[in-house]
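Going by my numbering, the sequence shown opens with residue 32, and the numbers climb by one from there. The next block holds one structure in the form of structure tokens; read it before the comments.
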Amino acid sequence: MYCTNMYILYIRWCCHLLTALSQQKDCATMKADTLNERTLKTLAEMARDVDWQIRERVAGNSITPPEVLVELARDPDWQVRAAVASNGSTPPAVLATLAQDAHPWVQLMAAENNNISPAALVKLAENPDVVVRLTVARHINTPPAVLADMAKDVNERVRAMIASIGNTPPALLAKLAKDTHWQVREAVAENNNTPSAVLATLAQDAHLWVQLAAAENNNISPAALVKLAKNTDVWMRLAAAENNNTSSAVLVKLAKDSHWRVRAAVAEKDSTNIPLSVLTELVQDSDRRVRFALASNESTPPALLATLAEDADWQVREKVADNGSTPLHLLKKMLEDSRFEVCRAVAKNPNWREEGRD
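Take a look at the structure:
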């Protein structure tokens with residue numbers, strides 16, 4: 032028992048020491064040759080410790096010298112090699128070797144390291160492990176040519192990853208937009224680099240989620256949104272109402288939609304893009320949730336806020352009292368409201384806090 036306890040204390044001491052070494056002032060930018068000779072010697076000795084956990088801590092330490100990392104990269108325990116592979120100080124040449132390690136976890140750690148070279152990523156792109164290929168697909172150092180090849184991967188998750196990343200060329204996205212798997216097409220539809228012409232096609236996709244993703248993309252053209260605003264599916268019309276590219280003419284039509292969600296989405300838009308006559312109709316909407324949206328909108332004209340301040344539903348009035356654009360004179364009038372919740376909202380309104388107390 033005594034020996035066991037001493038061993039545990041030894042482990043804890045070594046771990047604390049390594050933590051302290053890694054937290055030295057400016058250790059992140061400190062070069063190995065400027066470190067104290069005793070520190071380097073301690074790390075080198077610990078790198079040959081009989082316990083793999085100690086060697087693992089040395090391998091993962093950011094101030095461990097490159098020559099020690101090279102030695103630990105050949106360690107018989109895969110956990111130690113994995114720690115070297117994940118270390119941000121590990122040289123690219125060592126990472127290239129670890130990328131071909133026999134253990135899949137070591138390969139994965141090497142693939143995730145920002146220091147790994149494009150040449151090493153080229154080889155990892157053909158790794159049989161789909162998780163490793165996914166990591167390569169989203170790595171910042173992966174060459175465009177490799178991404179193009181990986182766009183033909185047998186696994187749809189890899190192709191979807193290629194379709195979702197920000198540096199995928201538009202031409203390649205256009206090809207992936209024709210993929211047989213809907214999740215790949217959905218990833219293309221969500222990508223901000225996807226051309227508007229491709230989005231227009233995806234907006235008419237056979238799968239609803241692909242259509243929705245295209246409708247929600249701010250690169251989609253106003254012409255495509257005109258068609259989406261006429262879609263029989265309420266979620267498609269809602270997406271059209273929420274899109275920043277939807278024209279005022281389309282918003283006018285959507286303001287009369289049969290579903291309250293669509294009308295509420297129009298009520299939440301910048302009122303400067305919607306005719307006053309349309310907003311006036313929304314003030315009188317039969318569904319209070321539409322009036323909620325208009326009462327909460329800080330771009331709603333003061334005259335309409337005054338009308339909503341007298342709404343029969345006290346929760347609508349509360350939204351007006353809470354609106355940061357509600358004029359001070361209207362807030363003072365609303366203090367006479369019969370509902371405590373409305374008066375409380377007035378008291379919390381920034382306009383009232385700044386000027387109303389005077």
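Note that beta-carbon positions come from the ideal geometry of N, C-alpha and C, so glycine has one too.
Query, Result
"Does the Cβ of Asp132 have 16 or more other Cβ atoms within 10 Å, making it buried, or fewer, making it exposed?", "buried"
"Return the Cβ separation of Leu126 and Ala116 in integer angstroms, given the expectation that the two are a contact with Cβ distance under 8 Å.", "7 Å"
"In the structure shown, what three-state DSSP assignment does Val377 receive?", "helix"
"Can the beta-carbon of Asn275 be found closer than 8 Å to that of Asn249?", "yes"
"Mind checking whether Val309 and Val281 have CB atoms under 8 Å apart?", "no"
"My output table needs one value for Arg169: the three-state DSSP class, helix, strand or coil.", "coil"
"Following the continuous alpha helix (DSSP H) through Trp266, name the residue where it begins and the one where it ends.", "Val265 to Glu273"
"Can you give me the start and stop residues for the alpha helix (DSSP H) that His360 sits inside?", "Leu359 to Met365"
"Roughly how far, in whole angstroms, is the beta-carbon of Ala156 from the beta-carbon of Ala191, given that I think they are within contact range, below 8 Å?", "No, Ala156 and Ala191 are not in contact; Cβ-Cβ is about 16 Å, not under 8 Å."
"According to DSSP, simplified to helix, strand and coil, what is Ser148?", "coil"
"Hey, Leu339 and Ala326: beta-carbon distance below 8 Å or not?", "yes"
"Would you call the CB atoms of Asn354 and Glu329 closer than 8 Å?", "yes"
"If we call anything under 8 Å between Cβ atoms a contact, is Ala244 one with Glu273?", "no"
"Jot down the residue ranges of each uninterrupted alpha helix (DSSP H) in the segment 270-329, minimum 4 residues, whole runs only, in chain order.", "279-285, 291-298, 307-314 and 319-327"
"Sort Ser120, Glu87 and Ser93 by Cα distance to Arg105 and report the nearest one.", "Glu87"
"Taking the alpha-carbon of Val137 as reference, which of Ala113, Thr121, Gly119 and Asn144 has the nearest alpha-carbon?", "Ala113"
"Taking the continuous alpha helix (DSSP H) assigned at Arg86, which residues delimit it?", "Trp83 to Gly91"
"If we count the other Cβ atoms within 10 Å of its Cβ and call it buried at 16 or more, is Ile85 buried or exposed?", "buried"
"Give the DSSP-derived three-state secondary structure of Ala182 in the structure shown.", "coil"
"With DSSP collapsed to three states, give me the class of Lys261.", "coil"
"Taking the alpha-carbon positions, what's the Asn304 to Ala296 distance?", "13 Å"
"What residues in its chain sit with their C-beta under 8 Å from that of Ala260, if we drop five residues either side in the sequence?", "Arg268, Ala271, Ala272, Thr277, Val281, Lys284 and Leu285"
"Hey, which unbroken runs of the alpha helix (DSSP H) at 4 residues or more fall wholly within the segment 103-168?", "109-117, 123-129, 135-143, 149-155 and 161-168"
"From what residue to what residue does the alpha helix (DSSP H) around Glu217 run?", "Trp213 to Glu221"
"Using the rule of at least 16 other Cβ atoms within 10 Å of the residue's Cβ for burial, across every protein chain shown, is Met61 buried or exposed?", "At Met61 the pLDDT is 46, less than 50, meaning the model places this residue with poor confidence and gives no usable figure here."
"Apart from the five residues on each side of it in sequence, which residues of its chain come closer than 7 Å, Cβ to Cβ, to Asn158?", "Gln138 and Arg164"
"With DSSP run on the structure shown, which of helix, strand or coil describes Glu187?", "helix"
"Distance check for His238 and Glu247, CA to CA, integer angstroms please.", "15 Å"
"If you follow the alpha helix (DSSP H) that Glu76 is in, where does it begin and where does it stop?", "Glu68 to Met77"
"Return the chain-ordered list of same chain residues with a C-beta closer than 6 Å to the C-beta of Pro135, the five sequence neighbours on each side being excluded.", "Asp160"
"Within 10 angstroms of the Cβ of Ile171, are there 16 or more other Cβ atoms? Answer buried if so, exposed if not.", "exposed"
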